[in-house]
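Accompanying notes for the structure given below.
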Amino acid sequence: MQQNKSLGIETTCIHGGHTADANRAHLTPLYASSTYTFDNVEQGVNVFSGKEEGYIYGRFGNPTIEEVERKIALLEAYGLKDTSGNDLQLYAILHASGMAAITTLLLSNLKAGDKIISHPSLYGGTQEMIDKVLPSLGIGTIIVDMHDYSKLSDLIKTDAAIKMMYLETPANPTLQCIDLQALSAIGKANNLVVCVDNTFSTPLLQQPFKYDVDFVIHSTTKFLNGHGTAIGGILIGKDAGRMNTDVKKMHRLLGGNSNAFDAFLLSNGLRTLSLRMERHCSNAQKVAEFLQQHPTVARVNYPGLVSHPDHAIAQKQMKDFGGLMSIELNGGFDACVSFMNKLKVCTNAVSLGTCDTLVSHPASTTHCGVPREHRLQSGITDGLIRMSIGLETIEDLIADFGQALLN
Ligand SMILES: Cc1ncc(COP(=O)(O)O)c(C=O)c1O
Numbered sequence: 241m242q243q244n245k246s247l248g249i250e251t252t253c254i255h256g257g258h259t260a261d262a263n264r265a266h267l268t269p270l271y272a273s274s275t276y277t278f279d280n281v282e283q284g285v286n287v288f289s290g291k292e293e294g295y296i297y298g299r300f301g302n303p304t305i306e307e308v309e310r311k312i313a314l315l316e317a318y319g320l321k322d323t324s325g326n327d328l329q330l331y332a333i334l335h336a337s338g339m340a341a342i343t344t345l346l347l348s349n350l351k352a353g354d355k356i357i358s359h360p361s362l363y364g365g366t367q368e369m370i371d372k373v374l375p376s377l378g379i380g381t382i383i384v385d386m387h388d389y390s391k392l393s394d395l396i397k398t399d400a401a402i403k404m405m406y407l408e409t410p411a412n413p414t415l416q417c418i419d420l421q422a423l424s425a426i427g428k429a430n431n432l433v434v435c436v437d438n439t440f441s442t443p444l445l446q447q448p449f450k451y452d453v454d455f456v457i458h459s460t461t462k463f464l465n466g467h468g469t470a471i472g473g474i475l476i477g478k479d480a481g482r483m484n485t486d487v488k489k490m491h492r493l494l495g496g497n498s499n500a501f502d503a504f505l506l507s508n509g510l511r512t513l514s515l516r517m518e519r520h521c522s523n524a525q526k527v528a529e530f531l532q533q534h535p536t537v538a539r540v541n542y543p544g545l546v547s548h549p550d551h552a553i554a555q556k557q558m559k560d561f562g563g564l565m566s567i568e569l570n571g572g573f574d575a576c577v578s579f580m581n582k583l584k585v586c587t588n589a590v591s592l593g594t595c596d597t598l599v600s601h602p603a604s605t606t607h608c609g610v611p612r613e614h615r616l617q618s619g620i621t622d623g624l625i626r627m628s629i630g631l632e633t634i635e636d637l638i639a640d641f642g643q644a645l646l647n
């Protein structure tokens with residue numbers, strides 16, 4: 241199914257990217273095959289050289305995987321136009337994980353001597369990748385507060401080595417938001433490759449390509465799959481030439497390809513994305529309002545609260561405020577341990593975006609590889625708890641948090 245603005249986004253979640261199966265299967269089946277056959281040597285030559293369409297080898301492509309790639313590309317492009325006024329065409333490559341998608345993104349766009357400019361409070365794995373792995377390849381990073389636009393512009397202008405702007409909004413786990421329109425404009429004015437991790441929002445709530453960014457990544461492990469059944473990541477770009485050449489080449493050579501089973505699970509999860517996001521958002525808003533007025537809670541970071549410092553930015557670029565929040569308790573780390581151990585309905589686990597509510601302690605889990613000083617500067621204190629609010633009955637969630645907060 242091609243993009244068609246007369247079809248709703250819910251219809252796109254369900255039918256987008258589907259092509260009729262040769263055997264009339266209702267759902268695209270799992271193509272569990274590592275390689276594909278050719279009728280003769282000549283056909284093999286033609287498929288390899290791109291003269292003829294066809295599958296070659298599982299690391300290069302697979303029909304189950306490609307259906308999901310088309311669906312997610314349609315969702316990120318939904319309702320957007322290119323500079324000529326045509327429906328925006330996007331190209332997506334599914335990876336084995338969010339980190340694999342990020343690695344392809346970084347290594348296909350940067351070389352020794354280049355620098356990335358980014359902001360505090362990134363997903364811990366991304367932070368470790370840019371702090372610990374990229375420097376050994378000669379790629380540097382500058383982390384700055386991206387709320388001060390003139391300072392940021394001046395900084396970029398003074399350093400010609402800065403080639404990429406990497407953004408995550410809302411950011412993991414502090415839920416800080418940054419202005420995609422303003423930052424992308426600064427990035428583009430300085431010829432930077434602008435990239436956005438859109439994992440927390442999904443294309444249902446936020447579409448970074450609206451602001452002319454170059455690449456979007458998702459950990460599909462999270463809301464896009466929605467059921468916690470498979471690790472995955474997707475890299476989406478708007479430049480067909482680049483996506484089909486150097487980006488695709490890097491993906492194939494790094495070998496972080498997905499597989500048919502995980503793609504099938506992702507495809508099924510996506511069919512209910514719009515319904516799930518509605519409930520994630522409405523439950524999270526109610527939980528945030530409940531926690532905000534609770535005497536034992538020192539702070540609630542949820543972009544849907546007017547008290548959130550970036551509420552106006554979130555309101556401008558997000559259709560709703562998502563299912564993630566983080567909180568700090570008055571009693572610090574000890575209170576946080578006691579709270580988490582008392583939860584009965586909510587689950588103590590890392591990851592996010594599943595149907596059930598997951599609660600985790602970033603400092604000791606997802607961000608344990610980030611040096612403490614660096615963590616604290618990013619707002620990731622020892623007493624911060626991250627919560628991914630699920631689809632349970634709201635009264636059950638509020639009762640569970642209420643009893644766990646009692647001393
Ligand atoms: C915002 C964000 N980006 C990227 C990743 C990495 O994704 P994955 O665990 O699928 O490799 C995560 C994982 O938690 C994340 O939260």
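Using this note's numbering, read the sequence shown as starting at 241 and increasing by one per residue. Note that the Cβ used here is the ideal one computed from N, Cα and C, for glycine as well.
{"Query": "Contact test: residue 288 Cβ vs ligand 1 heavy atom, cutoff 7 Å", "Result": "no"}
{"Query": "Test: residue 252 CB closer than 8 Å to a CB of chain B", "Result": "The structure shown contains no chain B; it is built from a single protein chain."}
{"Query": "Complete runs of the beta strand (DSSP E) confined to the segment 299–330 [at least 3 residues]", "Result": "none"}
{"Query": "Chain-order list of residues whose beta-carbon lies under 6 Å from that of residue 411 (same chain, five-residue window excluded)", "Result": "361"}
{"Query": "Proximity test, residue 473 beta-carbon vs ligand 1 heavy atom, cut-off 7 Å", "Result": "yes"}
{"Query": "Residue of 439, 289, 341 and 253 minimising C-alpha distance to residue 564", "Result": "439"}
{"Query": "Three-pair Cβ contact test at 8 Å for the segment 282–302 versus the segment 483–503", "Result": "yes"}
{"Query": "Three-state secondary structure (DSSP) of residue 539", "Result": "strand"}
{"Query": "Span of the alpha helix (DSSP H) around residue 345", "Result": "338–349"}
{"Query": "For residue 497: DSSP bridge partner residues", "Result": "335"}
{"Query": "Closest by C-alpha distance to residue 605, when choosing among 593, 621 and 595", "Result": "621"}
{"Query": "Range covered by the alpha helix (DSSP H) that runs through residue 372", "Result": "First-last for residue 372: undefined, no H or E at that position."}
{"Query": "Alpha-carbon spacing of residue 534 relative to residue 505, whole angstroms", "Result": "39 Å"}
{"Query": "Assigned exposure category for residue 462 - 16 Cβ within 10 Å defines buried", "Result": "buried"}
{"Query": "Start-to-end residues for the alpha helix (DSSP H) that takes in residue 427", "Result": "420–429"}
{"Query": "Integer Cβ distance of residue 561 from residue 638, believed to fall under 8 Å", "Result": "Incorrect: roughly 18 Å between the Cβ atoms, too far for contact."}
{"Query": "Inter-stretch contact (C-beta, 8 Å, three-pair minimum) for the segment 364–378 and the segment 622–636", "Result": "no"}
{"Query": "Assigned secondary structure, residue 626 (DSSP; H/G/I helix, E/B strand, else coil)", "Result": "strand"}
{"Query": "Any non-hydrogen atom of ligand 1 within 7 Å of residue 406 CB", "Result": "no"}
{"Query": "Residues near residue 452 in its chain [Cβ-Cβ closer than 7 Å; skip 5 each side]", "Result": "424 and 428"}
{"Query": "Member of 316, 336, 335 and 337 whose CA lies at the smallest distance from the CA of residue 329", "Result": "316"}
{"Query": "Spatially closest choice to residue 524 from 377, 275, 544 and 515, by CA coordinates", "Result": "544"}
{"Query": "Residue 405 in three-state terms, based on DSSP", "Result": "strand"}
{"Query": "beta-carbon residue 440 near ligand 1 non-hydrogen atom, thresh 7 Å", "Result": "yes"}
{"Query": "The beta strand (DSSP E) enclosing residue 637, as first and last residue numbers", "Result": "That residue, residue 637, is in no beta strand (DSSP E); its alpha helix (DSSP H) goes 634–645."}
{"Query": "Check: residue 409 C-beta below 7 Å from any heavy atom of ligand 1", "Result": "no"}
{"Query": "Closest residue to residue 449 among 470, 460, 477 and 459 (Cα-Cα distance)", "Result": "477"}
{"Query": "Which of helix, strand or coil DSSP assigns to residue 517", "Result": "helix"}
{"Query": "Residue 568 in three-state terms, based on DSSP", "Result": "strand"}
{"Query": "Own chain partners of residue 374 with C-beta closer than 8 Å, once the 5 adjacent residues on each side are dropped", "Result": "346, 350, 356, 380 and 381"}
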